[in-house]
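Straight run, no breaks: the sequence shown in the numbering used here ends on number 262.
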Amino acid sequence: MFFRQATTAILGALCIWPAYADPCEGKLPAKAGTVFTGTVRYIVDGDGICVGATSDPNTWVEVRLADFDAPELKTQEGRQAKEVMTQLAMGKQASCVTRPGRSGRTTSYDRVIASCKVSGASLASLMRGAGVKEGGN
126 MFFRQATTAI LGALCIWPAY ADPCEGKLPA KAGTVFTGTV RYIVDGDGIC VGATSDPNTW
186 VEVRLADFDA PELKTQEGRQ AKEVMTQLAM GKQASCVTRP GRSGRTTSYD RVIASCKVSG
246 ASLASLMRGA GVKEGGN
């Protein structure tokens, strides 16, 4: 009986998993210092965005900001950070530069680590200027 319930729960979770996945499927730049530009097409959370030159999600690059660490999305502060990021960046042109993270790699969890600017201003600086506190993992 327990096995059947556990199996049902796991299968149910797998069925809804795609609903929670972000749509960004583009190839990630591999070298530090790579510059890429495009429109901010999707907001992942308070320190994650997807940038793409076209409306095709298969070309969108998922970015983890190198210079800002937002609270986790499961917290109230994290949800507020995502809302601020949406107001600051969604639909705007972004210019990003890949950076090595703490591990020395330019990727983390299928995202490229980068510093990004919109309207000539650092997204990290804009988030801090909007009063968003840092404190994620």
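Even glycine gets a Cβ: it sits at the ideal position worked out from N, Cα and C.
**Item:** Alpha-carbon spacing of residue 217 relative to residue 223, whole angstroms
**Value:** Approximately 19 Å between the Cα atoms of the pair.
**Prompt:** If you run the structure through DSSP and keep just helix, strand and coil, what is residue 209?
**Reply:** helix
**Item:** Closest residue to residue 237 among 149, 158, 153 (Cα-Cα distance)
**Value:** 153
**Request:** Report yes or no: do three or more beta-carbon pairs, one from the region 175 to 182 and one from the region 248 to 262, lie closer than 8 Å?
**Result:** Here the region 175 to 182 does not lie against the region 248 to 262, with fewer than 3 beta-carbon pairs under 8 Å apart.
**Request:** Evaluate the contact criterion for the region 229 to 236 versus the region 194 to 214: three or more CB pairs, one atom per stretch, below 8 Å.
**Result:** no
**From 172, 146, 160, 245, residue whose alpha carbon lies closest to that of residue 209** = In terms of Cα proximity to residue 209, the closest of 172, 146, 160, 245 is 172.
**Prompt:** Hey, how far is the Cα of residue 202 from the Cα of residue 186?
**Reply:** Taking the straight line from one Cα to the other gives about 25 Å.
**Per DSSP, cross-strand counterpart(s) of residue 232** = 237
**Asked** Taking the alpha carbon of residue 164 as the point to measure from, which residue in 149, 156, 155 has its own alpha carbon closest?
**Response** Nearest of 149, 156, 155 to residue 164, Cα basis: 149.
**Asked** Exposed or buried, residue 156, counting other C-beta atoms within 10 Å across all chains shown (16 or more means buried)?
**Response** Exposure of residue 156 is indicated by the presence of fewer than 16 other C-beta atoms within 10 angstroms of its C-beta.
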